[in-house]
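Chemist: Residues 49 to 294 in the numbering used here are what the sequence shown spells out, letter by letter.
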Amino acid sequence: MELIQNSYEKYTVLPQAEQQKEVALEVIVPDTQADVYSVLTSFAVCQVKQKTLRQDCVLVEGTVELEAFCQEEEEDHWQTIRGSIPFTMEVEATGCREDSIAQLRVEVLRCDAQIRNPRKLQLQAQVAAYVQVYQKEALLVTETATGSEEEDVQILCDTVELDFIRMVTEKKLVAADELQIGSVGRLLHYHVDWKQEEQRVLAGKVMLRGSACVQTVFFLEGQLRQQEYQIPFSQVVECEGLEPGD
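1) Sorted by chain position, which residues of the same chain lie with C-beta nearer than 6 Å to K44's C-beta, five sequence neighbours on each side aside?
2) Excluding the 5 residues preceding and the 5 following V179 in the sequence, name in chain order all residues of the same chain whose CB lies nearer than 6 Å to its CB.
3) Whether or not the segment 109 to 116 and the segment 125 to 133 are in contact is what I'm after, with contact meaning three or more pairs of Cβ atoms, one per stretch, closer than 8 Å; do they touch?
4) With A92 as the anchor, note down where its beta strand (DSSP E) starts and where it stops.
5) What whole-angstrom Cβ distance do G258 and E245 have, given they're in contact under 8 Å?
6) Under the DSSP definition of a beta bridge, which residues are partnered with F117?
7) Taking a contact to mean a Cβ-Cβ separation below 8 Å, would you say R145 touches Q103 in this structure?
8) L157 to P134, Cα distance in whole Å?
9) Cβ atoms of Q274 and V262: under 8 Å apart, would you say?
10) Among all the DSSP beta bridges, which residues are the ones paired with E295?
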C-alpha cells in the first residue's frame, strides 16, 4: 500500500506589529531668506528608503521631510522652511524570518514647528510604522492511498479542503497625470491615498483598477484652502497558480 502525499505552500498571517517614534531637528533659516516671526502651519511626510526582514523584527530606514510655512516681519510676506530627518525603527514581529514577506506602512501622526528665534526653528514629528508579516511555510497533506484490495484490507480515501493564503505578491505602482490647478494659489502640501475600486481574478494574474486620490493644501489670499484630484490607474499583478474563484 502506498500513501500519496503532496506539499503545498501556505502563508501564515502573523499579528500586525507597530511602533512609534519621535524625531526632532533644529533648522537655521538660510542667509538668503528673511527672518521669520510666526508659523502658520507645518507638514511632514515619510519616505521609506529600505526595509530589512530579520529574525522576529523588521528594520525600517527612511527620512521624515518636514516643512513650516512662516510669516516674515513684513505683512503678507511668507516663506517655507524645510528640514529632513533620517530615522531608523526596529519593529518587533514575533515569528518573522528573513524569507518572510512584509507589508509596511509608515505615516506621520503629528508634526509641529516652533520658532526659537527669527533665524532658528525647531521641527518635530511623531512617526508610526505598521507592519503585517506573512510567513511562508510548506504544508504536507496525505490525500489518498493506493494498493490492491486484498482479503480483509480496505483502502480509505479522505478528501480535505484547506482554506489558507496561497500567495502574497508585492509590486510597485506609479500613477501620473498633469493636474490643472488654475489660479488656486501657492501649493504647500499634498497627500496621496490609493483607492481600489475593482478586483478581477484571472488565470495566473489579478487585475486591479482604482484611483490615486491627491489631497492638496493651497495658500491663497491669506487663507489655507484644500482641493482634491483623482488619478485613475489599472494594474495587472502576476500570481503563479492563481485560478478564477480564488
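Beta carbons: idealized from backbone N, C-alpha and C, even for Gly.
Modeler: Walking through what the data contain:
1) Past the edges of the chain, shown from 49 to 294, lies residue 44, and the structure says nothing about it.
2) Taken in chain order, the residues that qualify are A65, V106, V139, A141, A150 and L152.
3) yes
4) V84 to R102
5) 4 Å
6) T89 and T128
7) yes
8) Each residue's Cα considered, the two are about 17 Å apart.
9) no
10) Missing from the structure shown is residue 295; the chain here goes from 49 to 294 and no further.
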